[in-house]
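A.B. asks: One structure follows; several queries about it will come next.
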Amino acid sequence: MLISDLFEETYFAITANKARTGLTILGIVIGISSVIAMIAIGQGAQASVASNIQSIGSNLILVSPGFQRGIGQQVSTGRGNATSLKIEDATAIASKVDGVSAVSPELSRRYQLIVGGKNTNTQVVGVTDKYLQVRNVQLDTGSFITTAHLSNNSKVVVLGPTTKTDLFGDSDPIGQSVRINRIEFKVVGVTKAKGGTGFANQDDQVFVPLSAATRFLAGSDNLSNISIQAANPEVMSLVQEQVTAVLLDEHNIIDPADADFNVLNQSDIVAAASSVTGIFTILLASIAGISLLVGGIGIMNMMLTTVTERTREIGLRKAIGGTSRDITLQFLAEAVMLTFLGGIFGILLGWLLAFGVTKFAGIATQISVSSILLACGVSAGIGIVFGFYPARRASRLSPIEALRYE
Amino acid sequence: MIVCKNIKKVYDSGEHETVVLKGISFSIADGEFVAIMGPSGSGKSTLMHIIGALDSPTSGSYFLDGKDVSKLSDNELAEVRKNNIGFVFQAFNLLPRATVVRNVALPLIYSETPKQEREKLAKAALQSAGFDESRYENLSNQLSGGQMQRVAIARALVNNPKLVLADEPTGNLDTTTGKIVLETFAKLNKEGRTIVLITHEPDVAKHAKRVIYIRDGNIIRDEKK
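Residue numbers (my numbering), protein chains in the order written: chain A, 1 to 406; chain B, 1001 to 1225.
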């Protein structure tokens, strides 16, 4: 039997009863489209969580001061103790740890900011010139904190876009003064909007030189955290270990359990978040998968009915020279054609569903090529699996019995 | 050329055996027009299935054109049916909702005849079967019984088999139409084809040039005109 004949016979067979064919295909369409839509929602969530985490910096390792020890500890260092990290720690990390591309010591406090009649309370971060690189910050206008600002203890400030809008509205703030904690700072730049991170609004903060922050604002050189950028993703855990070792050494702590600081690896955060969204995706897809299974059973049911209805035709085909293989192929091709059509319409519908979810519910979705290929493969596979039994049944019919069938 | 030697067919239902053919021997030469006649239950249908390579005998041998068909596998039997035998059934067995030409060309799918030749072969076969040319594109379920049987005859002829086997071809037709169909067989026989016709009606059998009578699994008479 030629392949083109197989297609032609399949076409005639599935168009013979269009209503039944359509309803059977619908089962597969619903199954495939829900799998596609659910995977799209899951992967969309995963991608948006990952990109949020990435937006705070790439290959980031965060060192923050220690937290309070458990009850029963002899010496409690206090919750969120901010006195354990010094600028010297940052310097030590930069010089002693391999695989570090930049180290950004940071000191952040909340202060009241006043410009003329307007005022706001926001996070003021003392930073060095490395901050830009480590934290993935981009400038909208003006310049960032420079090494000259640092060595001169310059009273300059770079505004986050939200703070800029709060204080200056739409007017250009460059060159204007802002009073932070009653001390006048000159605006030299505005950063670009980054959007929420899930941790804090990165757009509602201002940056001043670290030296100015310690001298004029905080009055101490205790850092609130040190951000470290590793040279590449592969060395991150190595850098994390070295940073811990260097800081333990710097702080003269022997037992790592007594460490007065925490070292957080960004990839750990991403991995934890991805595993949550990954489970979420699998859960959604498996619920959708059940409807696909039901659709497959629908195909099998229709094919079994078809085989019974067309018993005499099968007998005739055998009498005029069709082999068992020809008959198996014909019925298998019908089942695969049904599921394949269902797969194509299902992909379209699934894409529309994902689009609709994004448009009307505002949930990010992402349709991947792999999920489409998976859907195509699965639908054709379902055709083979659920079509095989009916097809075998047809091919095993004795021509004599089949021709006599009433 | 059909040669049957001591053909026996036994159906074994487990508890008891039913002997349907009790050792039948005969031969049919090329170009004969033979009717196999007998009452129902005589074994004539079983014999037809064996001659038509739809079934194998329990014992004995059946040679079709010198080839022993009695011990072939299912696939080999399908091959024999495809190349050597054309079937005409009492119930026509046409594909509904398919055109006359498509019905006739159906066996060509399995013989993998090139597509461009199929329509030509189908139309030639329809002409041999005396089918009205204006109805070639009609759907088979829009035809009358006589027309349907002519389509079925054309389908049996399309692969150009030496042997045409007809099982009660007039059983579903009225006398007048039946007669026309039988005349078609006579015409085909005149053109050199071997025709074997299975029937229980003496009126039908008399159109043949030779009648083999079967009763209870045995040949009781073999008459040539």
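Ideal Cβ placement from N, Cα and C applies to all residues, glycine included.
Can you look up B/Q1147 in the DSSP assignment and give me helix, strand or coil?
C.D. replies: helix
A.B. asks: So, does the CB of A/L352 fall closer than 8 Å to a CB anywhere in chain B?
C.D. replies: no
A.B. asks: So, with DSSP's three-state summary, where would you put B/K1206?
C.D. replies: coil
A.B. asks: Could you say which of B/E1133, B/V1080, B/P1057, B/E1168 lies nearest to B/V1151 if we only look at CA atoms?
C.D. replies: B/E1133
A.B. asks: Counting only the same chain and skipping the five closest in sequence on each side, list residues whose C-beta sits under 7 Å from that of A/T24.
C.D. replies: G298, I299, M302, L338
A.B. asks: Of all the CB atoms in chain B, is at least one closer than 8 Å to the CB of A/T323?
C.D. replies: Yes, A/T323 lies at the interface with chain B (some Cβ there is under 8 Å from its Cβ).
A.B. asks: Among the candidates A/T162, A/D170, A/K155, A/S237, whose CA atom is the shortest distance from the CA of A/I183?
C.D. replies: A/K155
A.B. asks: Who are A/E106's beta bridge partners in DSSP?
C.D. replies: A/N225
A.B. asks: Using 8 Å as the threshold, is the region 1200-1212 of chain B in touch with the region 1122-1138 of chain B, meaning 3 or more CB pairs across them?
C.D. replies: no
A.B. asks: Counting Cβ pairs, one atom from each stretch, are 3 or more of them under 8 Å apart for the region 15-32 of chain A and the region 339-354 of chain A?
C.D. replies: yes
A.B. asks: Give the range of the alpha helix (DSSP H) segment to which A/R393 is assigned.
C.D. replies: 369-395
A.B. asks: Counting only runs of 4+ residues fully inside the region 1074-1128 of chain B, write out the alpha helix (DSSP H) ranges in chain order.
C.D. replies: 1074-1084, 1100-1110, 1115-1128
A.B. asks: Just verifying my parser: in three-state terms, what is the DSSP assignment at A/R79?
C.D. replies: Low confidence applies to A/R79: its pLDDT is 45, below 50, so where it sits in the model is not reliable, and the reading given next is rough at best. Three-state DSSP puts A/R79 in coil, outside helix and strand.
A.B. asks: Just the C-alpha distance for A/L60 and A/A391, rounded to the nearest angstrom, thanks.
C.D. replies: When rounded, the distance between both Cα atoms is 58 Å.
A.B. asks: Taking CB distances under 8 Å as the criterion, tell me whether A/R312 reaches chain B.
C.D. replies: The Cβ of A/R312 sits closer than 8 Å to at least one Cβ of chain B.
A.B. asks: Given a threshold of 16 other Cβ atoms within 10 Å of its Cβ, counted over all protein chains shown, does A/L279 qualify as buried or as exposed?
C.D. replies: What sits at residue 279 of chain A in the sequence shown is Ile, not Leu. A/I279 is exposed by the Cβ-count criterion.
A.B. asks: From the DSSP output, in three-state form, read off A/V208 for me.
C.D. replies: Strand, per DSSP.
A.B. asks: Does B/D1036 come within less than 8 Å of chain A when only Cβ atoms are used?
C.D. replies: Rather than Asp, the amino acid found at residue 1036 of chain B in this sequence is Ile. Not an interface residue.
A.B. asks: Have a look at the DSSP bridge pairing and note the partners of A/A335.
C.D. replies: None, per the DSSP bridge assignment.
A.B. asks: Does A/L403 come within less than 8 Å of chain D when only Cβ atoms are used?
C.D. replies: Considering every chain present, this structure includes no chain D. Its protein chains are A and B.
A.B. asks: Cβ of A/K318 less than 8 Å from any chain B Cβ?
C.D. replies: yes
A.B. asks: Tell me, please, which residues DSSP counts as bridged to B/D1222.
C.D. replies: B/I1212
A.B. asks: Could you check how far apart the C-beta atoms of A/S84 and A/G57 are, in whole angstroms? I think they sit under 8 Å.
C.D. replies: Going by Cβ atoms, the distance from A/S84 to A/G57 rounds to 22 Å, so no, they are not a contact pair.
A.B. asks: What would DSSP say about A/Q240, mapped onto helix, strand or coil?
C.D. replies: Three-state DSSP puts A/Q240 in a helix.
A.B. asks: Does A/M302 get closer than 8 Å to chain B when you measure Cβ to Cβ?
C.D. replies: no
A.B. asks: Considering just the uninterrupted stretch of the alpha helix (DSSP H) at A/T311, what are its terminal residues?
C.D. replies: In the DSSP annotation of this structure, the continuous segment of the alpha helix (DSSP H) that includes A/T311 starts and ends at 311-319.
A.B. asks: Who are the neighbours of B/Y1110 on chain A, taking C-beta pairs under 7 Å?
C.D. replies: M1, I320, G321, G322, D326
A.B. asks: Who are the near neighbours of A/T328 in its chain, counting only those whose CB is closer than 6 Å to its CB and skipping five residues on each side?
C.D. replies: A391, S395
A.B. asks: Taking only three categories from DSSP, how would you classify A/N92?
C.D. replies: A small correction: the amino acid at residue 92 of chain A is Ala; Asn does not occupy that position in the sequence shown. Looking at A/A92 - three-state DSSP - the assignment turns out to be helix.
A.B. asks: What residue does the beta strand (DSSP E) around A/R179 start on, and which one ends it?
C.D. replies: Where A/R179 is concerned, the enclosing beta strand (DSSP E) stretches over 177-180.
A.B. asks: Suppose the cutoff is 6 Å on Cβ atoms and the five residues either side in sequence are ignored; what does the same chain contact list for B/S1059 look like?
C.D. replies: K1008
A.B. asks: Looking only at its own chain, which residues have a Cβ that is under 8 Å from the Cβ of B/R1118, when we skip the five neighbours before and after it?
C.D. replies: A1105, L1108
A.B. asks: Taking 8 Å as the threshold (beta carbon to beta carbon), is A/I400 in contact with chain B?
C.D. replies: Yes - at least one Cβ of chain B is within 8 Å of the one on A/I400.
A.B. asks: Three-state secondary structure (DSSP) at A/L353?
C.D. replies: helix
A.B. asks: Can you give me the C-alpha to C-alpha distance between B/R1221 and B/Y1136, rounded to a whole angstrom?
C.D. replies: 42 Å
A.B. asks: Could you give the DSSP three-state label for A/Y477: helix, strand or coil?
C.D. replies: No answer is possible for residue 477 of chain A: the residues shown for chain A start at 1 and end at 406.
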